[in-house]
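Chains as they are written, first to last, in our numbering: chain A, 1 to 672; chain B, 673 to 838.
Structure first, then comments.
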Amino acid sequence: MSLIGSFALLVALALAAYCLLAGAVALTRQTAGSARLGETARRAGIATFAAVLLAAIVLVVAAFRNDFSIAYIFHHSNRDLSAPYKFATLWSGQEGSLLFWSLLLSAYGLVLRLRYKTDPRLFAYASVLLAAVQVFFLLLLNFAAHPFAIMQGSLPADGNGLNPLLQYPEMVIHPPMLYLGYVGFTVPFAFALAALIMRYPGEKWIHITRRWTMVTWGFLTCGIFLGAHWAYSVLGWGGYWGWDPVENASLMPWLTGTAFLHSVMMQEKRGMLKTWNVWLIFATFMLSIFGTFLTRSGVVSSVHAFAQSSIGDWFVVFLALIFVTCAFFYGKNRSHLRSEHKLESLVSRESSFLFNNLLFVVACFTVLWGTLFPVLSEWVQGNKVTVGPPFFNRVNIPVALLLLLLTAVGPLLAWRKTSLESLKRNFLWPAMGALGVGVLLLAVGMRPWKDVAYFYSLVTIMLSVLVALTVISEFVRGGRVIARHSGQNLISSIGQLARRNTRRYGGYVVHFGVIVIMIGFAGSAFNQDTEKELGFGDRMSIGPYTLVCQSYTQDDNPNYSSEWAVLDLYKGGKKIDTMYPERRFYKASQQTSTIPRVRSTIGGDLYIVYEGLNQDTGRPILKAHLNPLVSWIWVGVWIMILGTVLALVPNSLPVRVPATARIEAEPVGVGD
Amino acid sequence: MPSVFHRRAGLRKSLLQSALLVASVVVLMGAGDNTARFEDLGHRLMCVCGCRQILLECNHVGCAYSEGMRAELVAAVDRADNDDLTLQSFVQKYGPTVLAAPTKAGFNRVAWIAPYLALALGLLWVAHLARVWRSRPLLRPADLPMPVHGPELERFREQVRKETEA
Numbered sequence: 001m002s003l004i005g006s007f008a009l010l011v012a013l014a015l016a017a018y019c020l021l022a023g024a025v026a027l028t029r030q031t032a033g034s035a036r037l038g039e040t041a042r043r044a045g046i047a048t049f050a051a052v053l054l055a056a057i058v059l060v061v062a063a064f065r066n067d068f069s070i071a072y073i074f075h076h077s078n079r080d081l082s083a084p085y086k087f088a089t090l091w092s093g094q095e096g097s098l099l100f101w102s103l104l105l106s107a108y109g110l111v112l113r114l115r116y117k118t119d120p121r122l123f124a125y126a127s128v129l130l131a132a133v134q135v136f137f138l139l140l141l142n143f144a145a146h147p148f149a150i151m152q153g154s155l156p157a158d159g160n161g162l163n164p165l166l167q168y169p170e171m172v173i174h175p176p177m178l179y180l181g182y183v184g185f186t187v188p189f190a191f192a193l194a195a196l197i198m199r200y201p202g203e204k205w206i207h208i209t210r211r212w213t214m215v216t217w218g219f220l221t222c223g224i225f226l227g228a229h230w231a232y233s234v235l236g237w238g239g240y241w242g243w244d245p246v247e248n249a250s251l252m253p254w255l256t257g258t259a260f261l262h263s264v265m266m267q268e269k270r271g272m273l274k275t276w277n278v279w280l281i282f283a284t285f286m287l288s289i290f291g292t293f294l295t296r297s298g299v300v301s302s303v304h305a306f307a308q309s310s311i312g313d314w315f316v317v318f319l320a321l322i323f324v325t326c327a328f329f330y331g332k333n334r335s336h337l338r339s340e341h342k343l344e345s346l347v348s349r350e351s352s353f354l355f356n357n358l359l360f361v362v363a364c365f366t367v368l369w370g371t372l373f374p375v376l377s378e379w380v381q382g383n384k385v386t387v388g389p390p391f392f393n394r395v396n397i398p399v400a401l402l403l404l405l406l407t408a409v410g411p412l413l414a415w416r417k418t419s420l421e422s423l424k425r426n427f428l429w430p431a432m433g434a435l436g437v438g439v440l441l442l443a444v445g446m447r448p449w450k451d452v453a454y455f456y457s458l459v460t461i462m463l464s465v466l467v468a469l470t471v472i473s474e475f476v477r478g479g480r481v482i483a484r485h486s487g488q489n490l491i492s493s494i495g496q497l498a499r500r501n502t503r504r505y506g507g508y509v510v511h512f513g514v515i516v517i518m519i520g521f522a523g524s525a526f527n528q529d530t531e532k533e534l535g536f537g538d539r540m541s542i543g544p545y546t547l548v549c550q551s552y553t554q555d556d557n558p559n560y561s562s563e564w565a566v567l568d569l570y571k572g573g574k575k576i577d578t579m580y581p582e583r584r585f586y587k588a589s590q591q592t593s594t595i596p597r598v599r600s601t602i603g604g605d606l607y608i609v610y611e612g613l614n615q616d617t618g619r620p621i622l623k624a625h626l627n628p629l630v631s632w633i634w635v636g637v638w639i640m641i642l643g644t645v646l647a648l649v650p651n652s653l654p655v656r657v658p659a660t661a662r663i664e665a666e667p668v669g670v671g672d
Numbered sequence: 673m674p675s676v677f678h679r680r681a682g683l684r685k686s687l688l689q690s691a692l693l694v695a696s697v698v699v700l701m702g703a704g705d706n707t708a709r710f711e712d713l714g715h716r717l718m719c720v721c722g723c724r725q726i727l728l729e730c731n732h733v734g735c736a737y738s739e740g741m742r743a744e745l746v747a748a749v750d751r752a753d754n755d756d757l758t759l760q761s762f763v764q765k766y767g768p769t770v771l772a773a774p775t776k777a778g779f780n781r782v783a784w785i786a787p788y789l790a791l792a793l794g795l796l797w798v799a800h801l802a803r804v805w806r807s808r809p810l811l812r813p814a815d816l817p818m819p820v821h822g823p824e825l826e827r828f829r830e831q832v833r834k835e836t837e838a
């Protein structure tokens with residue numbers, strides 16, 4: 001098996017290298033045969049996918065066949081692992097995840113190369129650049145992190161098993177989503193660099209890559225939040241985000257990618273920010289690679305980090321190469337990136353995008369800075385320091401709040417120029433609504449002066465209401481205009497409005513999802529927790545809930561043994577549920593894992609962790625967290641996904657309004 | 673009618689009750705303060721067992737460090753050591769990585785300054801960009817294009833559509 005896999009990887013490397021070299025020669029030499037050479041390069045790129053797919057299939061089949069002669073399978077699987085996790089073995093370790101990365105990259109390349117007729121020359125350039133990235137990963141797989149390396153010595157009877165923390169259903173989909181996001185940014189990067197190299201006229205490359213970027217961004221968003229949900233459901237500390245370097249590594253490209261999705265509109269509509277956009281997508285791609293470097297090089301310590309290895313050096317060289325290539329072509333062709341228009345007013349959509357981008361990039365810089373500061377400190381002071389949640393929360397929360405404010409104001413600004421009068425008119429009632437909610441929260445007992453966390457929480461909720469009201473007002477105003485001219489009711493008019501400009505209204509739905517998530521974050525200011533040794537019949541209270549311990553029990557299966565508590569849950573003196581927090585001991589890896597139980601309501605989560613037995617007393621310890629509004633985060637993610645899908649749907653034809661119809665100058669449709 | 677003695681005794685009783693009430697409130701307030709300080713300081717320290725979790729969030733039963741560290745923190749809070757002294761004693765015992773965030777002294781100050789500096793520089797850059805863009809010269813009459821037809825007109829129409837579409 002390992003021979004087939006190794007051979008497939010070598011063939012893939014040869015094909016990708018051919019695609020790169022032949023493609024580059026075909027593009028640089030304008031001879032009679034260059035078109036044919038270019039076509040062979042394209043086909044080699046397509047065939048790369050088949051070869052990498054074969055290697056990935058071999059690795060998965062080896063996991064299912066318990067082929068422990070392959071070191072990777074020995075280290076990351078075992079006989080009693082269930083089928084979904086055997087499949088997940090593919091991305092559970094370093095070599096496998098690099099193979100998976102390569103597979104996704106070749107799959108993206110396949111789609112790109114099959115759609116080459118859209119613009120053969122631009123696609124040929126992009127295909128060559130994609131092949132260059134592919135060659136890097138295949139070099140790694142063949143010479144530095146070989147997934148088919150053979151075990152030395154006698155054949156082991158069983159494997160070490162999958163890391164217990166990864167044996168959770170979400171881990172079967174979280175890494176693929178995240179990788180689809182990371183790898184996907186290679187495509188807009190390749191198009192941006194291709195357009196720069198060939199001095200591509202106009203903004204067509206942006207239209208071509210818009211969907212790629214949005215799909216990629218959507219996958220990365222899903223990946224990040226699936227990771228957060230996994231952390232919440234498995235790690236048992238009651239939180240979902242710990243500012244760990246690996247979490248930060250996924251957040252950085254998301255921040256710059258989000259900035260790009262906004263600023264690219266300025267280039268499409270006004271021909272501005274061309275240099276900025278090109279560097280933003282370069283940075284996003286480099287941050288994706290940098291994240292992989294962070295997690296694999298051992299430069300920073302992380303609870304998620306894979307084993308330290310020498311492949312970090314490969315990534316440093318690759319990052320340097322990318323940067324030099326980008327800088328070279330930027331220096332050579334920067335005259336091509338001049339802005340076409342001037343900024344007519346500071347009160348305009350353009351300036352709101354400028355500030356929006358500034359804040360996203362500052363947030364990204366802060367995350368990068370905080371992640372790397374321990375390394376910098378070691379260089380300068382000779383000792384490492386910890387940069388943990390207190391730093392990131394303190395610096396990033398104000399930036400996030402400013403972004404939320406811009407999310408509210410931005411849609412109300414028109415391209416080019418907005419009169420202050422119109423801004424005031426559109427902003428007044430949403431602002432009044434937000435203030436009203438603030439007063440209401442103060443009246444029901446919120447005391448922002450007691451703790452800075454309460455203050456941030458209040459401001460977050462008020463700004464979220466402001467955004468929600470501006471989004472709603474945009475839908476209603478546009479819907480009313482259509483209703484007036486088509487005679488439909490308001491709801492169907494709003495539906496038609498969204499279908500006519502799916503990108504804009506899909507974007508608003510995404511904004512709505514963001515504020516629902518922000519409200520969920522705001523709830524964390526009011527988290528409570530308690531811990532207690534709980535014998536039979538003992539009680540523990542938290543918030544409105546009382547837990548009564550009924551019993552403890554144990555179970556055993558070939559993969560793990562487990563013990564759990566049976567707790568009756570009471571609220572207002574009435575039994576409402578029975579909860580079973582669990583602790584598992586995985587036999588193959590000799591590791592324990594907690595499986596918290598969560599009772600989730602719209603108001604908050606009751607989160608129970610069975611922490612195990614007190615070594616001294618022999619009594620079980622239970623910890624209960626009361627986490628307000630957490631479910632809002634997961635609901636918000638679904639809304640964001642819905643909005644992203646809506647934005648990807650092609651626009652329907654605009655409704656034809658008779659030429660004689662008088663269109664009133666209501667401030668509708670100020671642009672995307 | 674109550675005598676002066678009885679009235680004074682009543683007054684003394686009221687005063688005693690009030691004093692007890694005030695004392696118990698002060699004590700309870702102190703207890704509340706201690707809990708708040710413990711929570712605050714416990715969230716400014718890391719568990720040093722390698723879990724990379726905040727001290728009060730480390731959930732490893734039998735963790736070789738967190739329970740002892742929490743006990744030390746409770747003792748420091750009960751002794752009414754000030755925050756700096758408490759944190760410093762942890763740094764001396766467990767090293768600088770025990771603090772969950774860099775201090776605001778020496779080189780560590782750079783960690784805090786850099787993000788705000790980046791924001792300030794970014795704002796300056798945006799202001800500069802806005803000034804450059806705004807001061808870009810308008811087309812002089814001689815440069816103004818002649819009336820356009822055909823594909824060029826379509827291009828302008830497309831531009832108008834992009835800039836004004838709903």
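Think of the CB as a built atom: it goes at the ideal place given N, C-alpha and C, for glycine as much as any other residue.
query: Considering only residues of the segment 431 to 491 of chain A, which uninterrupted beta strand (DSSP E) runs meet the minimum length of 3 residues and lie entirely inside it, listed in chain order?
result: Within the segment 431 to 491 of chain A, complete beta strand (DSSP E) segments of at least 3 residues are not found at all.
Span of the alpha helix (DSSP H) around threonine 256 (chain A): The residue you call residue 256 (chain A) lines up with position 256 of the first sequence. 245 to 270 is the span of the alpha helix (DSSP H), which, as asked, contains threonine 256 (chain A).
### Message
Since glutamate 350 (chain A) and leucine 359 (chain A) should fall inside the 8 angstroms C-beta cutoff, what is the C-beta to C-beta distance between them, to a whole number of angstroms?
### Response
By 1-based counting over the first sequence, the position of residue 350 (chain A) is 350. By 1-based counting over the first sequence, the position of residue 359 (chain A) is 359. Actually they do not touch by this definition, with Cβ atoms about 15 angstroms apart.
query: What in chain B is Cβ-close to serine 457 (chain A), meaning under 9 angstroms?
result: Here the question's residue 457 (chain A) lines up with position 457 in the first sequence. Those do not exist, as serine 457 (chain A) stays about 16 angstroms from chain B at its closest Cβ, beyond 9 angstroms.
Express the C-alpha separation of glutamate 170 (chain A) and alanine 51 (chain A) in angstroms, rounding to a whole number.
-> Position 51 of the first sequence holds residue 51 (chain A). Position 170 of the first sequence holds residue 170 (chain A). Alanine 51 (chain A) and glutamate 170 (chain A) have their C-alpha atoms spaced approximately 28 angstroms apart.
### Message
Tell me which residues of the segment 243 to 261 of chain A have at least one Cβ-Cβ distance to chain B shorter than 8 angstroms, keeping chain order.
### Response
Of all residues in the segment 243 to 261 of chain A, Asp244 have a Cβ within less than 8 angstroms of some Cβ in chain B.
| Leaving out the 5 sequence neighbours to the left and right, which residues in its chain are closer than 7 angstroms to glycine 236 (chain A) when beta-carbon positions are compared? | For the purposes of this step, residue 236 (chain A) is identified with residue 236 of the first sequence, where counting begins at 1. Result list for glycine 236 (chain A): Thr594, Pro596 and Val609, in chain order.
By the 8 angstroms beta-carbon criterion, what residues does the segment 710 to 721 of chain B contribute toward chain A? Considering only beta carbons, the part of the segment 710 to 721 of chain B lying closer than 8 angstroms to chain A consists of His715, Arg716 and Met718, in chain order.
When you compare only the Cα positions, how much space is there between tryptophan 429 (chain A) and glutamate 563 (chain A)? Here the question's residue 429 (chain A) lines up with position 429 in the first sequence. Here the question's residue 563 (chain A) lines up with position 563 in the first sequence. A direct Cα-Cα distance of roughly 56 angstroms separates tryptophan 429 (chain A) from glutamate 563 (chain A).
#### Entry: Those runs of the alpha helix (DSSP H) which lie wholly inside the segment 389 to 431 of chain A and span at least 4 residues
DSSP runs (the alpha helix (DSSP H)) wholly in the segment 389 to 431 of chain A: 389 to 409.
Notebook entry, point to check: My guess is that proline 389 (chain A) and tryptophan 243 (chain A) are in contact by the Cβ rule of under 8 angstroms, so how many angstroms apart are they, rounded?
Noted result: As a position in the first sequence, residue 389 (chain A) is number 389, starting the count at 1. As a position in the first sequence, residue 243 (chain A) is number 243, starting the count at 1. At roughly 5 angstroms, the Cβ-Cβ gap stays under 8 angstroms, so proline 389 (chain A) and tryptophan 243 (chain A) are in contact.
* Which residues DSSP lists as bridging glutamine 591 (chain A), in chain order -> For the purposes of this step, residue 591 (chain A) is taken as the residue at position 591 of the first sequence. As DSSP reads the structure, glutamine 591 (chain A) sits in a beta bridge with A:Tyr586.
For serine 377 (chain A), count neighbouring C-beta atoms within 10 Å of its own C-beta (all shown protein chains included) and say buried if the count is 16 or more, exposed if not.
Counting from 1 along the first sequence, the entry for residue 377 (chain A) is found at position 377. Its Cβ being crowded by 16 or more others within 10 Å, serine 377 (chain A) is buried.
Beta-carbon neighbours of lysine 384 (chain A), restricted to chain B and to distances below 9 angstroms: Numbered from its first residue, the first sequence carries residue 384 (chain A) at position 384. Those within 9 angstroms of lysine 384 (chain A) in chain B are Gly767, Pro768 and Thr769.
Item checked: Own chain, CB closer than 7 angstroms to leucine 20 (chain A), minus 5 neighbours either side, in chain order -> As a working mapping, residue 20 (chain A) is identified with position 20 in the first sequence. Around leucine 20 (chain A): Val128, Ala131, Ala132 and Val135.
Could you tell me how far apart the beta carbons of glycine 5 (chain A) and phenylalanine 148 (chain A) are, in whole angstroms, since I believe they sit closer than 8 angstroms?
As a first step, residue 5 (chain A) is located in the first sequence; it is residue number 5 there, counting from the start. As a first step, residue 148 (chain A) is located in the first sequence; it is residue number 148 there, counting from the start. Approximately 4 angstroms separates the beta-carbon atoms of glycine 5 (chain A) and phenylalanine 148 (chain A); this is inside 8 angstroms, confirming the contact.
Point to revise | Proximal residues to alanine 8 (chain A) (C-beta, below 7 angstroms), its chain only, five neighbours per side dropped | key: Here the question's residue 8 (chain A) lines up with position 8 in the first sequence. Result list for alanine 8 (chain A): Ala51, Leu54, Ala55 and Val58, in chain order.
| task | Just the chain B side, please: which residues come within less than 7 angstroms of proline 389 (chain A) by C-beta, in chain order? | result | To locate residue 389 (chain A), count along the first sequence from 1; it is residue 389. The contacting residues are Ile726 and Ala772.
Next on the checklist: Which residue wins for smallest C-alpha separation from leucine 139 (chain A), given the options A:Asn559, A:Ile311, A:Ser600 and A:Thr592?
Outcome noted: Here the question's residue 139 (chain A) lines up with position 139 in the first sequence. Leucine 139 (chain A) has its Cα closest to that of A:Ile311, out of A:Asn559, A:Ile311, A:Ser600 and A:Thr592.
Using a Cβ cut-off of 8 angstroms (strictly closer), state whether glycine 740 (chain B) contacts chain A.
Counting from 1 along the second sequence, the entry for residue 740 (chain B) is found at position 68. Judged by the 8 angstroms Cβ criterion, glycine 740 (chain B) is not in contact with chain A.
Q. So, do the segment 454 to 465 of chain A and the segment 429 to 444 of chain A have three or more beta carbon pairs nearer to each other than 8 angstroms?
A. As far as the Cβ criterion goes, the segment 454 to 465 of chain A touches the segment 429 to 444 of chain A, which means the pair count is three or higher.
*asked:* So glycine 239 (chain A) contacts chain B; which residues on that side make the cut at Cβ distance below 8 angstroms?
replied: Working through the first sequence from its first residue, we reach residue 239 (chain A) at position 239. Per Cβ cutoff of 8 angstroms: Glu729.
By a C-beta neighbour count over all protein chains shown, 10 Å radius and 16 as the cutoff for buried, is serine 82 (chain A) buried or exposed?
Reading the first sequence from its first residue, position 82 is the one you call residue 82 (chain A). Result: exposed.
Report task. Look up methionine 540 (chain A) in the DSSP assignment and give the residues it is bridged to. Result -> Within the first sequence, the letter at position 540 stands for residue 540 (chain A). Answer by DSSP bridge pairing, in chain order: A:Leu547.
Discussion item. Let me see if you follow: with CB-CB separation under 8 angstroms, is glutamine 591 (chain A) close to chain B or not?
Written reply: Numbered from 1 along the first sequence, position 591 holds the residue referred to as residue 591 (chain A). Judged by the 8 angstroms Cβ criterion, glutamine 591 (chain A) is not in contact with chain B.
Burial state of arginine 827 (chain B) (16 or more Cβ within 10 Å)
Stepping through the second sequence from its first residue, residue 827 (chain B) is reached at position 155. An exposed status is given to arginine 827 (chain B), since fewer than 16 other beta-carbon atoms sit within 10 Å of its beta-carbon.
Assign lysine 204 (chain A) to one of three DSSP states: helix, strand, or coil.
-> Taking the first residue of the first sequence as position 1, residue 204 (chain A) is located at position 204. The answer is helix: DSSP assigns lysine 204 (chain A) an H, G or I state.
query: So, does the CB of arginine 671 (chain B) fall closer than 8 angstroms to a CB anywhere in chain A?
result: Beyond the ends of chain B as shown, which are 673 and 838, falls residue 671 (chain B); an answer cannot be given.
When you compare the CB of lysine 274 (chain A) with every CB in chain B, is at least one pair closer than 8 angstroms? Within the first sequence, the letter at position 274 stands for residue 274 (chain A). No, lysine 274 (chain A) does not count as interfacial toward chain B.
Between which two residues does the alpha helix (DSSP H) holding isoleucine 150 (chain A) run?
Position 150 of the first sequence, counted from the first residue, corresponds to residue 150 (chain A). No alpha helix (DSSP H) contains isoleucine 150 (chain A), which DSSP labels as neither H nor E.
Quick one: grab the DSSP three-state call for alanine 565 (chain A).
Numbered from 1 along the first sequence, position 565 holds the residue referred to as residue 565 (chain A). Strand at alanine 565 (chain A).
- Exposed or buried, leucine 757 (chain B), counting other C-beta atoms within 10 Å across all chains shown (16 or more means buried)? Sequence index remark: in the second sequence, residue 757 (chain B) carries index 85 (1-based). Counting Cβ neighbours within 10 Å, leucine 757 (chain B) comes out exposed, since fewer than 16 surround it.
- Query: In three-state terms, what does DSSP make of isoleucine 494 (chain A)?
  - Reply: Locating residue 494 (chain A) in the first sequence gives position 494, counting from the first residue. Residue state, collapsed to three classes: helix.
_Is the beta carbon of valine 399 (chain A) closer than 8 angstroms to that of alanine 783 (chain B)?_
In the second sequence, residue 783 (chain B) corresponds to position 111, counting from 1. In the first sequence, residue 399 (chain A) corresponds to position 399, counting from 1. Contact flag unset, no.
Given that a residue counts as buried once 16 or more other Cβ atoms are within 10 Å of its Cβ, and exposed if not, what is alanine 35 (chain A)?
Along the first sequence, one-based indexing puts residue 35 (chain A) at 35. With a threshold of 16 other beta carbon atoms within 10 Å, alanine 35 (chain A) falls short and is exposed.
| field | CB of valine 516 (chain A) within 8 angstroms of CB of glycine 636 (chain A), strictly | value | To locate residue 516 (chain A), count along the first sequence from 1; it is residue 516. To locate residue 636 (chain A), count along the first sequence from 1; it is residue 636. Their beta carbons are under 8 angstroms apart, which means valine 516 (chain A) touches glycine 636 (chain A) by this criterion.
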